[in-house]
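One structure is given below, encoded as structure tokens.
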Amino acid sequence: MDSQFTNTPIEYLKGVGPHKADILKKELAIYTFNDLLQHYPFRYIDRTRFYKISELNGELPFVQLIGRVISKEIVGEKKARRLVCQIKDDTGILELVWFQSILWVERNLRIGAAYIIFGKPAVFNSRISISHPELESYNLQDKKQGNLALQPVYSTTEKLKKFLLDSKGIQQLQSTLLSAILNNIFETIPSYILEEHHLAGRKEALLNIHFPASIKLLEAAIKRLKFEELFLIQLKLLKNKLLRTQKYKGLVFGEVGDKFNSFFANKLPFELTAAQKRVIKEIRADTQRPVQMNRLLQGDVGSGKTIVALMSMLLAIDNGFQACMMAPTEILARQHYQSILHLLGEDFISVEILTGSTPAKKRREIHQNLQSGILNILIGTHALIEDKVIFTNLGFVVIDEQHRFGVEQRSRLWKKNPVPPHILVMTATPIPRTLAMTLYGDLDVSVINELPAGRKPMQTIHLYENQRLRMYGYMRDEISKGRQVYVVYPLIKESEKLDLLYLEAGIQNIADVFPLPQYRISIVHGKLTAKDKQSEMQRFVRGETQIMVATTVIEVGVNVPNACVMVIENAERFGLSQLHQLRGRVGRGAEQSYCILMSGNKLSKEAKIRLETMVRTADGFEISEIDLQLRGPGNIEGTQQSGVLNLKLANLATDQELLLAARKTVINIFEDDPDLKKEENLLLKLYFDEKREGIGWNKIS
Ligand code: ADP
Ligand code: MG
């Protein structure tokens, strides 16, 4: 559509005016014609099918039926207060129930009148009823008059309804809008692509998604519009990638030198897994070309990403560059620092750590050594991105635990060298393929899909509250073998006080069951100072305490190989990816390790699936797929900040095939015609010109 029409303020639509426009903006964020056009129906009423009351059962989805009101009555007290209305047709009687807006509905329901009733039948007390149905007065003409087979239903709000903008009202606006702009709806996708994928044209699709003449046309409309969404995102992502490679030179790491080779020959404490070797090769290949690398490394907790990062940094150093590694928390940064020092040994290269708590004097020293080039590797938190931190020749940047950093923060690391450094983004939260393609579609992706050999598979057990003694049994057994145990409590911000009470009660409990002097406990939670946290952690790391009771501060990255039991309290309150992360804290040594998920006796359906999934599989990628199915992409950690996922129709959980097709199509286009010069791609070129979407820093990872 011509942007002139797209961006017309909604108040200029006939029937809207300033007042309604105001409410549309406030309630539905509809500012322009295009916003309204994209306020797609969320459901359609099949006007071809009316159910009879006798046909209803609890398994049916939303249904439509016609009945006459024979009684209405407000019953029950307080919270149980409700309006019960009986509806009759020629096959039986049905109850309708309201728990809210009781008085309003009661006033408007007329005994003896006929209504079209729309809702989800449910069985309650072995009787069938529908709660909070949609009602619409019915008169005989209606049924015949209706020329729509499928009536759109739009989401709306109570406030909008007061201004006659109920679903019907919005339908009216859509109808006005569509007839006003019909001749100005232009195609966004080149016709050869439409043909190739059997896609409807844009005008037809928009008409049919709002006013479908048949299910078949509706499906075609939805497919087309979903494809468009996914296609345009991929077009943007891959265009950015292309621009980046055209615009920026990359540092060439021409050789594998001393440090890399001698580390490999003398210091590497284990055989690399095939996956680790493959990824190092991929990075090696990337950094040999004069193009900046932007690579995402996905690998489950414990898959050994650190060594890959370290060896890549050694490559940089061999070629005369510095490297840095940024972690989201101080604990993690410290952990990386220590394990890297440990791997490298003394006097191999110069490594430092910089965090918020680095003393001023040390900080100055680091700044100096960075600029003079004495320092080879700097590890740290976001303290690294401060402007004061100046490298003499930064060549390689590792960003660990990607999802914790904002895009803006990351982009600042780019600017620390005239030619942008190579970037390796590592995430321990495997994300589903479709999500990766959408969130990180402009990055190359490496995957470590194999754990180092010799690890015993973890055993995960789900116990209910009434089986708590068994949990203590596991703990006691393992501690008696000299192992260590984590006990983790959820701490969720809104109810922090309550959670802290739970935590305190839990600590008391553990202290009672595991008394001094035989048992010693470390306690780590968010209310402690960084210093206290650190010292409690260290006591556990050194093996002075056998039990670590903690909130989720230990979630990421802590590595204590001797810890082999992870007890998660209130496990039903954690999300899947969080559970998976926590579980990853154990099972790092050669011993059999356990994860014990403690939960209340009563679980929601979703919580049950989460816990069952954890018991069944340890594969982070599989778990992430299930997480996506359960929660939708908007709720997956790390996606909230991304505008990329403002998808109106496409669903990354269910539209995988369409996404793959869209991405493949875009890849082919750019391979064949990188500058979009060809006649048939003119439309796509216009898309970029019109929106003036340059590369900008905001899309750089
Ligand atoms: P993550 O991918 O979670 O960052 P780490 O890099 O911390 O994993 O590695 C987890 C543990 O596995 C570390 O103790 C590390 O030394 C060890 N490790 C890594 N690679 C191998 C390997 N190829 N063989 C044996 N142990 C390995
Ligand atoms: Mg790690």
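If you read the sequence shown in the numbering used here, its first letter stands for residue 1013, the second for the next number, and so on. Even for Gly, the Cβ is constructed at its ideal location relative to N, Cα and C.
Query: Short check: CB of leucine 1327 to CB of glycine 1269, under 9 Å?; Result: yes
Query: Would the segment 1429–1449 and the segment 1218–1238 be scored as touching if the rule is three or more Cβ pairs under 8 Å?; Result: no
Query: I'd like to know whether the C-beta atoms of leucine 1147 and glutamate 1118 end up nearer to each other than 9 Å.; Result: no
Query: Among Leu1309, Gln1246, Ala1212 and Val1561, whose alpha-carbon lies nearest the alpha-carbon of glutamate 1231?; Result: Ala1212
Query: Going by alpha carbons, who is nearest to phenylalanine 1175 out of Lys1427, Thr1367, Leu1036 and Met1487?; Result: Leu1036
Query: Under DSSP, the beta strand (DSSP E) around lysine 1100 begins and ends at which residues?; Result: 1094–1101
Query: For leucine 1077, is the beta carbon positioned less than 8 Å from some heavy atom of ligand 1?; Result: no
Query: So which of Asn1195, Glu1208 and Lys1543 has the shortest CA-CA distance to lysine 1215?; Result: Asn1195
Query: Name the DSSP beta bridge partners of valine 1499, please?; Result: Val1561 and Val1579
Query: Are the CB atoms of isoleucine 1559 and tyrosine 1498 nearer to each other than 9 Å?; Result: yes
Query: For phenylalanine 1408, which of helix, strand or coil comes out of DSSP?; Result: strand
Query: Based on Cα-Cα distance, which residue from Leu1322, Asn1331, Ala1321 and Gly1262 lies nearest to methionine 1305?; Result: Gly1262
Query: Determine the direct distance from the alpha carbon of isoleucine 1057 to that of glutamine 1157, and round the result to whole angstroms.; Result: The predicted model places glutamine 1157 with a pLDDT of 43, which falls under 50 and marks its position as unreliable; any figure quoted below should be read in that light. Between glutamine 1157 and isoleucine 1057, the C-alpha separation is close to 15 Å.
Query: Can you pull the DSSP bridge partners for tyrosine 1052?; Result: Paired residue(s): none; tyrosine 1052 is not in a bridge.
Query: Run through DSSP, which three-state label would methionine 1323 get?; Result: helix
Query: Please indicate yes or no: does the CB of isoleucine 953 lie closer than 8 Å to some heavy atom of ligand 1?; Result: An answer regarding residue 953 cannot be provided, because it is not within the stretch 1013 to 1713 covered by the chain.
Query: Once the 5 residues before and after methionine 1449 are set aside, which same chain residues still bring their CB inside 7 Å of it?; Result: Leu1671 and Arg1675
Query: Hey, could you find the ends of the alpha helix (DSSP H) glycine 1124 is sitting in?; Result: Unbroken run through glycine 1124: none, as it is neither H nor E.
Query: My output table needs one value for threonine 1044: the three-state DSSP class, helix, strand or coil.; Result: strand
Query: At the level of alpha carbons, what is the spacing between arginine 1061 and threonine 1018?; Result: 36 Å
Query: Taking C-alpha atoms, which residue in Ser1143, Ala1126, Arg1093 and Ala1345 lies nearest to leucine 1108?; Result: Ser1143
Query: Quick one: what does DSSP say leucine 1729 is sitting in, helix, strand or coil?; Result: Nothing can be reported for residue 1729: it is not among the residues displayed for the chain, which extend from 1013 to 1713.
Query: Are three or more beta carbon pairs between the segment 1321–1335 and the segment 1441–1455 nearer than 8 Å?; Result: no
Query: Could you tell me if the beta carbon of glycine 1131 falls within a distance shorter than 8 Å of some heavy atom in ligand 1?; Result: no
Query: Quick check: is any heavy atom of ligand 1 less than 8 Å from the C-beta of valine 1291?; Result: no
Query: At a cut-off of 8 Å, is glutamate 1283 close to ligand 1 when judged by its beta-carbon and the heavy atoms of the ligand?; Result: yes
Query: Buried or exposed: where does serine 1138 fall if 16 or more other Cβ atoms within 10 Å of its Cβ makes it buried?; Result: exposed
Query: Once DSSP output is grouped into helix, strand and coil, what is the label at asparagine 1273?; Result: helix
Query: Could you pull out every unbroken alpha helix (DSSP H) segment of at least 4 residues lying fully inside the segment 1353–1391, listed in chain order?; Result: 1372–1384
Query: Given asparagine 1613, which residues of its chain have a CB within under 6 Å of its CB, disregarding the five upstream and five downstream residues?; Result: Tyr1476 and Glu1477
Query: Once DSSP output is grouped into helix, strand and coil, what is the label at leucine 974?; Result: Since the first residue of the chain shown is 1013 and the last is 1713, residue 974 is not available in this structure.
Query: Could you tell me the boundaries of the beta strand (DSSP E) in which alanine 1335 lies?; Result: 1334–1338
Query: Comparing C-alpha positions only, which one of Lys1091, Lys1132 and Tyr1501 sits nearest to glutamate 1516?; Result: Tyr1501
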